[in-house]
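**Q** Take this structure first; my questions come after.
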Amino acid sequence: ITLEQLEGVEELPGYKAGMKMYEIVNKVIKPITDGTGTGYALFLNKDAPLRAKQMTSHAWGESYSDFVKALKDSYCEGPFWVCAMAIYQEDNETIARQLGPSLEHGPFATVLKQATGMIAVFTPAADIYLRMWCVFEIFVAVKLGVNVKFAALNQQFRSGIENIYDAIYEHGKDRCHSAIAKCGEESDERAIRELINNTEGKFALLDSTVEWCKAIYYMDEVRHPGAAFKGEPAHLLLLGGSGKLDYVAKTLSSVALAIDRISGAPLPIEEEVEDIKLGAEEVEDIELGETINTENEDHQNAKGNMTTNQEARVGHQAICCTTCSIQ
5 ITLEQLEGVE
15 ELPGYKAGMK
25 MYEIVNKVIK
35 PITDGTGTGY
45 ALFLNKDAPL
55 RAKQMTSHAW
65 GESYSDFVKA
75 LKDSYCEGPF
85 WVCAMAIYQE
95 DNETIARQLG
105 PSLEHGPFAT
115 VLKQATGMIA
125 VFTPAADIYL
135 RMWCVFEIFV
145 AVKLGVNVKF
155 AALNQQFRSG
165 IENIYDAIYE
175 HGKDRCHSAI
185 AKCGEESDER
195 AIRELINNTE
205 GKFALLDSTV
215 EWCKAIYYMD
225 EVRHPGAAFK
235 GEPAHLLLLG
245 GSGKLDYVAK
255 TLSSVALAID
265 RISGAPLPIE
275 EEVEDIKLGA
285 EEVEDIELGE
295 TINTENEDHQ
305 NAKGNMTTNQ
315 EARVGHQAIC
325 CTTCSIQ
């Protein structure tokens, strides 16, 4: 489905401002697709179905308008695969048949295998780290080598960048604890938990993978400030102080914290930051070295070295955690 078609939902009968995603599905989408046997996206594009470039991972408790704006501000090129629009939303039994018996071969995994990227959408009203499907989708995307991008609806309550609410930073303050995440459907949650518990590393590995994605986001934010903030770096400016040096110090602190959490907390971490060059608009050539050691029997001793620069990008590449290697 295209961004324009997602925006068009707000013009459909039954839509009201402030509706959450699950309300959109029940009160707007279902009446339109009832009896057609197709999801809303295929209903719109049945004459020329679109191949999704970006899969979206998001929580249905979010405001629909916030979700659409976050996608728009991400500047990612669609079409997008949005489960609420792609799956035929008739009843639980119909949805279960579409998902199939295997999560690893169902529609979510199938879309990820052919997508160019996945967008994890953060909004103020919904913490995706507490949604089982969301953290699982991030994990599967990394495992398949699909680039994971964070996108957020940020709110400014009054003038001044210190008064901007950044959903990515706010929801990511604590280490991911996916074992407490929930699904709207108990059957989905049981299936995901069973699959994760049968995976080497289990929930600890999933949490480490999510923390790795956080670290990548923070590092990328230092080098390439969000366009939605008109060239001003988006997230850690919220902590106070808009000076470039203050921003860099706080952002690198979040990078170090996220890296520290990759292998679990609390863990000792040694970090070395070299060659920080501040230009008028961006930060260049940041090299981070990190050594993490733990005696936890669930983790092997690991030593890694990470270097990032202007050309380094996260994409279809091997991603190494201290618990294992995911390729």
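Using this note's numbering, read the sequence shown as starting at 5 and increasing by one per residue. Even for Gly, the Cβ is constructed at its ideal location relative to N, Cα and C. These numbers were taken from a predicted model, which means no experiment stands behind them.
1) Expressed to the nearest angstrom, what Euclidean distance is found between the alpha-carbon atoms of Thr203 and Ala124?
2) State the Cα-Cα distance for the pair Ala74 and Glu81, rounded to the nearest angstrom.
3) What does the Cβ neighbour count give for Ile132, buried or exposed, with the cut at 16 atoms within 10 Å?
4) Within a Cβ cutoff of 8 Å, which residues of the same chain sit near Lys50, ignoring the five residues on either side of it in sequence?
5) Below 8 Å on the Cβ atoms is my guess for Ala130 versus Glu66; work out the distance and round it to an integer in Å.
6) Within a Cβ cutoff of 6 Å, which residues of the same chain sit near Tyr221, ignoring the five residues on either side of it in sequence?
7) Which residue comes first and which comes last in the alpha helix (DSSP H) that contains Ala130?
8) Go through its chain and collect everything with a Cβ distance to His239's Cβ below 7 Å, but skip five positions before and after it.
9) Please classify Lys218 as buried or exposed, where buried requires at least 16 neighbouring CB atoms within 10 angstroms.
10) Use the C-beta contact count for Asp211: other C-beta atoms within 10 angstroms, 16 or more gives buried, fewer gives exposed.
11) Could you tell me the boundaries of the beta strand (DSSP E) in which Met23 lies?
12) Measure the CB-CB distance between Val214 and Cys187 and report whether it falls below 9 Å.
13) How many Å lie between Lys206 and Phe140 at the Cα?
14) Need the endpoints of the alpha helix (DSSP H) that Lys117 sits in, please.
15) Assuming Asn151 and Gly176 make a contact with CB atoms under 8 Å, what is their CB distance in whole Å?
16) Taking the continuous beta strand (DSSP E) assigned at Ala124, which residues delimit it?
17) Report all residues from its chain with a CB closer than 8 Å to the CB of Ala52; omit the five preceding and five following residues, and keep chain order.
18) Could you compute how far the alpha carbon of Asp77 sits from the alpha carbon of His62?
19) If you follow the beta strand (DSSP E) that Gln58 is part of, which residue opens it and which one closes it?
20) For Ala156, list the residues DSSP reports as bridge partners.
21) Would you mind giving the Cβ-Cβ distance between Ala88 and Ile28, rounded to the nearest angstrom? I have them listed as a contact below 8 Å.
22) Counting only the same chain and skipping the five closest in sequence on each side, list residues whose C-beta sits under 6 Å from that of Trp64.
23) Nearest-angstrom Cα distance between Leu46 and Ala260?
24) Under DSSP, the alpha helix (DSSP H) around Asp70 begins and ends at which residues?
25) Taking the alpha helix (DSSP H) that Gln93 belongs to, which residues open and close that run?
26) Is the beta carbon of Tyr68 closer than 9 Å to that of Glu15?
27) Taking the straight line between their C-alpha atoms, what separation do you get for Lys147 and Leu209?
28) List the endpoints of the continuous alpha helix (DSSP H) containing Trp137.
29) Can you grab the Cα-Cα spacing for the pair Arg135 / Ile263, in whole Å?
30) Between the Cα of Thr40 and those of Tyr79, Ile91, Ala56, Lys31, spot the shortest distance and give me the residue it belongs to.
31) Here's the rule: buried if 16 or more other CB atoms are within 10 angstroms of the residue's CB, otherwise exposed. What is Gln118?
32) Please classify Ile184 as buried or exposed, where buried requires at least 16 neighbouring CB atoms within 10 angstroms.
33) Tyr221 by DSSP, collapsed to three states: which one?
34) Which residues in the same chain have their Cβ closer than 8 Å to the Cβ of Cys138, if we skip the five residues on either side of it in sequence?
**A** Put simply:
1) In a straight line, the C-alpha of Thr203 is about 23 Å away from that of Ala124.
2) When rounded, the separation of the alpha-carbon atoms in Ala74 and Glu81 is 13 Å.
3) Here Ile132 is buried, its C-beta having at least 16 other C-beta atoms within 10 Å.
4) Excluding its 5 nearest sequence neighbours in each direction, Lys50 has C-beta neighbours in its own chain below 8 Å: Thr42, listed in chain order.
5) The C-beta separation of Ala130 from Glu66 comes to about 4 Å, placing the pair in contact by the 8 Å criterion.
6) The residues Phe154, in chain order, have a CB closer than 6 Å to that of Tyr221 in the same chain once the five nearest residues on each side in sequence are set aside.
7) Bounds of any alpha helix (DSSP H) do not take in Ala130, whose DSSP letter is neither H nor E.
8) With a pLDDT of only 46 at His239, under 50, the local geometry of the prediction cannot be trusted, and no value is derived from it.
9) By the neighbour-count rule (16 or more Cβ atoms within 10 Å), Lys218 is buried.
10) So Asp211 ends up on the buried side.
11) Counting along the chain, no beta strand (DSSP E) covers Met23, and no H or E run does either.
12) Result no, Cβ atoms of Val214 and Cys187 do not sit closer than 9 Å.
13) Taking the straight line joining both Cα atoms gives about 11 Å.
14) Run containing Lys117: 111-118, per the alpha helix (DSSP H) assignment.
15) The C-beta separation of Asn151 from Gly176 comes to about 18 Å, leaving the pair out of contact by the 8 Å criterion.
16) Counting along the chain, the unbroken beta strand (DSSP E) around Ala124 starts and ends at 121-126.
17) There are no such residues.
18) Straight across, the Cα-Cα distance linking Asp77 with His62 is about 15 Å.
19) Taken as a continuous stretch (DSSP letters only), the beta strand (DSSP E) holding Gln58 covers 58-61.
20) Answer by DSSP bridge pairing, in chain order: Phe126.
21) Sure, about 7 Å apart at Cβ, within 8 Å.
22) Met25, Tyr26.
23) In this structure, the straight-line span from the alpha carbon of Leu46 to that of Ala260 is close to 44 Å.
24) Asp70: member of the alpha helix (DSSP H) spanning 68-78, first to last residue.
25) First-last for Gln93: undefined, no H or E at that position.
26) No, the pair does not count as a contact, with Cβ atoms beyond the cut-off.
27) About 11 Å.
28) From DSSP, the alpha helix (DSSP H) with Trp137 extends over 136-147.
29) In this structure, the CA atom of Arg135 is about 22 Å from the CA atom of Ile263.
30) The residue with the shortest Cα to Cα distance from Thr40 is Ile91.
31) So Gln118 counts as exposed.
32) Exposed, since its Cβ has fewer than 16 Cβ neighbours within 10 Å.
33) DSSP places Tyr221 in helix when its eight states are reduced to three.
34) Close CB contacts of Cys138 within its chain, under the 8 Å cut and outside five residues either way in sequence, are with Ser61, His62, Ala63, Ala124, Ile132, Ala185 (chain order).
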